[in-house]
Amino acid sequence: MICVTIAKETNQGLRESWQRAARAGAKLVELRLDYLIEPVDWALLLRDRPTPVLVTVRRTIDGGRWAGDESHRRTLLAEASANGADWVDVEVDIAPQFPRSGISRRVVSFHDMNSTPEQLSEIAQACAEGDADLVKLAVMARSLRDAFRLLDTIRLSHANRPTMGLAMGPLGQFTRVANARSGTNWTYAAWESETPPAPGMLSFDDLASIYHYESINHDTLLYAVIGDPVGHSKSPLVHNAAFRHHGLNKSYVPVRVPTEELGWFLQNCGGYGFRGLSVTIPHKEAVMAPLAEACPLVRLTGSCNTVMIEPEENGRHYRLSGFNTDLDAALGSLVEALPPGPQGTVATLAEVNVLLLGAGGVARSLAFGLSREGANLTIVNRTADRAEALAAETGATAALWADRDRLAQKATVIINGTSLGMSPQVDLSPLGPDCFHAGQVVFDTIYIPEWTVFLKSARAAGARTLSGVDMFIRQAAIQSQLFSGGKEPPVRLMAEKLRAALSPAP
Ligand code: NAP
Numbered sequence: 000m001i002c003v004t005i006a007k008e009t010n011q012g013l014r015e016s017w018q019r020a021a022r023a024g025a026k027l028v029e030l031r032l033d034y035l036i037e038p039v040d041w042a043l044l045l046r047d048r049p050t051p052v053l054v055t056v057r058r059t060i061d062g063g064r065w066a067g068d069e070s071h072r073r074t075l076l077a078e079a080s081a082n083g084a085d086w087v088d089v090e091v092d093i094a095p096q097f098p099r100s101g102i103s104r105r106v107v108s109f110h111d112m113n114s115t116p117e118q119l120s121e122i123a124q125a126c127a128e129g130d131a132d133l134v135k136l137a138v139m140a141r142s143l144r145d146a147f148r149l150l151d152t153i154r155l156s157h158a159n160r161p162t163m164g165l166a167m168g169p170l171g172q173f174t175r176v177a178n179a180r181s182g183t184n185w186t187y188a189a190w191e192s193e194t195p196p197a198p199g200m201l202s203f204d205d206l207a208s209i210y211h212y213e214s215i216n217h218d219t220l221l222y223a224v225i226g227d228p229v230g231h232s233k234s235p236l237v238h239n240a241a242f243r244h245h246g247l248n249k250s251y252v253p254v255r256v257p258t259e260e261l262g263w264f265l266q267n268c269g270g271y272g273f274r275g276l277s278v279t280i281p282h283k284e285a286v287m288a289p290l291a292e293a294c295p296l297v298r299l300t301g302s303c304n305t306v307m308i309e310p311e312e313n314g315r316h317y318r319l320s321g322f323n324t325d326l327d328a329a330l331g332s333l334v335e336a337l338p339p340g341p342q343g344t345v346a347t348l349a350e351v352n353v354l355l356l357g358a359g360g361v362a363r364s365l366a367f368g369l370s371r372e373g374a375n376l377t378i379v380n381r382t383a384d385r386a387e388a389l390a391a392e393t394g395a396t397a398a399l400w401a402d403r404d405r406l407a408q409k410a411t412v413i414i415n416g417t418s419l420g421m422s423p424q425v426d427l428s429p430l431g432p433d434c435f436h437a438g439q440v441v442f443d444t445i446y447i448p449e450w451t452v453f454l455k456s457a458r459a460a461g462a463r464t465l466s467g468v469d470m471f472i473r474q475a476a477i478q479s480q481l482f483s484g485g486k487e488p489p490v491r492l493m494a495e496k497l498r499a500a501l502s503p504a505p
């Protein structure tokens, strides 16, 4: 279940938001009375309530706003019970001195806004012993391992007493979805707040309509986009839509994986139910180390953007296989954008002068694909050694990053394979506006934003432009086929989901 957290400064504001949440489908609402700046109006709040309600008055040490008198706070919690709140939230340290009263059920909660304590199981046990109907653990993940430890603790504690748990912060955000698989009773969702009441909290809309939280259970298989950062990724939109289209019990989440935890994550994620990964910056090369098998394109390009995870026969080990869906997607996209050849013949890249900016994962795929098609390829990259190495591997020419504007003026096809211009650095461009002219094809692999400064300048100069959106959908469609066991990807639906989330063309 999704518990919608409503935090407003007035009773009326709480009530109105609650009604809107109920109309949107919320089945449980948490009212955060610590945000109120006026006395609580129990009659307005709890009479004819639109959904069951959990009442919370969170202290500042636990991440809330209540800095007032503690006995007043406890009086409010007692009044909530007396007024028939369905649930009240009582912190573990006060639970022993705050006996159950009225008909309300008790969430006995533990919060750590700074870390994930080592003794998490003992803390869960203490919450249960505080006369809990539900144990709640909310901790700050300082590492990915913290977040997985939290999931382990929920599973173990849940066997003893119903337990909900989540890891706060960017490293723990995926636990707000994946906790459903560990048996948690509900997850908290933000409602109508620009700054969520807790770090990393997802919105009700995202949990309900992107992640379909209510349908995740112990048997749900997990898929993820891994990278660092990863919050900008639109992959959950398209892959969850595809899973739902096929009626598969699978869920796709963004997991921020710091470089130093990549090896640990790859070794252990299978045991947590992960069966497939989309790999993004900066892991496309490093992810190859533990692969048991790599497809020919991964071996050719040295870049892997998809990992499949299969349990081995003993059920305790997992076999990782790597794929590259970028190469075919990027080339397919580019060839379709080329003007037709003489007398309407199909366009080809053979003998076309191409300038490729970048030598990272996506540029590697493009470089190998372009040289396979016979293009006259020049590669420039901020780090010259990488451009030279890639040029040597692909039979291309390496040039200096400083010469890129001059080279661009002479190129027929220009491709940005760097992350310059990608959100949030949307004002940057790898080339100046004077590099473009009519007759060129200019391709930016970036898809967020779709209309980068690079593409806008090219279009203003009359060049044919191609954004990373088409490539993104193509590579996601190939991944989707892998993730869904070979089912035909719903490409149109995936594209619609992506386009709806991107800003319209200027
Ligand atoms: P990557 O492996 O991390 O490579 C990043 C590239 O950008 C490297 O060449 C790097 O140069 C260059 N770069 C980064 N910051 C720079 C700066 N400040 N100045 C100059 N160059 C800079 O990343 P990737 O996976 O190849 O992704 C690159 C871009 O492709 C991203 O914007 C991503 O969104 C896009 N992409 C799109 C799709 C799609 O489907 N449309 C798929 C994958 C990727 P150094 O070598 O000097 O660090």
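By the count of numbering that gives the first Met the number 0, the sequence shown reaches residue 505 at its end, each step adding exactly one. For glycine and all other residues, C-beta sits at the position ideal for the given N, C-alpha and C.
Annotated three-state conformation of Leu53 is strand, per DSSP.
For Leu419, the CB falls within less than 7 Å of some heavy atom of ligand 1. For Met167, there is no enclosing alpha helix (DSSP H); the residue is found in the beta strand (DSSP E) stretching over Thr162 to Met167.
Within 10 angstroms of the beta-carbon of Lys135 lie 16 or more other beta-carbons, which makes it buried. At a cut-off of 3 residues, the continuous stretches assigned as beta strand (DSSP E) that sit fully inside the region 5 to 34 are 27 to 31. Sequence-distant Cβ neighbours of Phe147 in its own chain, meaning closer than 8 Å and more than five residues away, are Asn267 and Tyr271. Across the structure, Ala460 and Phe453 are spaced so that their CA atoms are roughly 11 Å apart. A contact between stretches requires three or more CB pairs, one per stretch, nearer than 8 Å, and the region 140 to 159 meets this requirement with the region 115 to 122. DSSP lists Arg318 as the beta-bridge partner residues of Glu309. Within the same chain, and ignoring the five residues on either side of Tyr212 in sequence, the residues whose Cβ sits closer than 7 Å to its Cβ are Ile1, Val176, Ala179, Thr186 and Leu206. Straight-line spacing of the CA atoms in Thr444 and Leu236 works out to 19 Å.
In this structure, Ala388 has its beta carbon at no less than 7 Å from each heavy atom of ligand 1.
Taking the C-beta atoms as reference points, Val91 is found no nearer than 8 Å to Val106.
Considering only Thr74, Gln172 and Ile93, the residue with the shortest C-alpha distance to Pro253 is Gln172. Under the three-state reduction of DSSP output, Val490 falls in the helix class. Cβ contact annotation for Leu75 (same chain, cutoff 7 Å, sequence separation greater than five): Leu32, Val39 and Val56, in chain order. Within 7 Å of the C-beta of Pro310 there is not a single heavy atom belonging to ligand 1.
Between ligand 1 and Ile414, a heavy atom-to-CB distance of less than 7 Å is absent. In this structure, Arg180 has its CB at a distance of at least 7 Å from all heavy atoms of ligand 1. Taking each of Asp85, Met139 and Ile93 in turn and checking the Cα distance to Arg58, the smallest one comes out for Ile93. CA-to-CA, the gap between Asn159 and Ala166 works out to about 20 Å. Taking a cut-off of 8 Å on C-beta distances, the region 216 to 228 does not touch the region 187 to 203, as fewer than three cross pairs fall below it.
For Ser250, no alpha helix (DSSP H) encloses it; the enclosing beta strand (DSSP E) starts and ends at Lys249 to Arg255. Per the C-alpha coordinates, the member of Glu309, Asn313, Ser422 and Ala328 positioned closest to Leu319 is Glu309.
Counting along the chain, the unbroken beta strand (DSSP E) around Leu376 starts and ends at Asn375 to Val379. Assignment of Asn267 by DSSP, reduced to helix, strand and coil, places it in the helix class.
Within the same chain, Cβ atoms closer than 7 Å to the Cβ of Ala366 are found at Leu355, Leu376, Ile378, Leu389, Thr393 and Ala395, the five residues on either side in sequence being excluded.
Non-local beta-carbon contacts of Ser181 in its own chain, meaning distances under 6 Å to residues more than five positions away in sequence, involve Leu150, Ile153 and Arg154 in chain order.
When the five nearest sequence neighbours on each side are left out, the beta carbons in the same chain lying within less than 6 Å of the beta carbon of Gly331 are those of Arg473, in order along the chain. Of the candidates Asp130, Ala240, Asn323 and Asn313, the residue whose Cα lies closest to the Cα of Ser277 is Asn323. Annotation for Lys135: the continuous beta strand (DSSP E) segment containing it runs Leu133 to Met139. Exclusion of the five residues before and after Ala410 leaves Asn352 and Leu354 as the residues of its chain whose Cβ lies within less than 6 Å of its Cβ. Around the CB of Arg22, fewer than 16 other CB atoms lie within 10 Å, so the residue is classed as exposed.
Rounded to the nearest angstrom, the gap between the Cα atoms of Lys7 and Tyr34 is 6 Å. Contact check for Ala123 and Thr162: beta-carbon distance about 6 Å, within the 8 Å limit, so the pair qualifies.
Just measuring C-alpha positions, the residue of Leu27, Asp47, Arg64 and Gly262 sitting nearest Val87 is Leu27.
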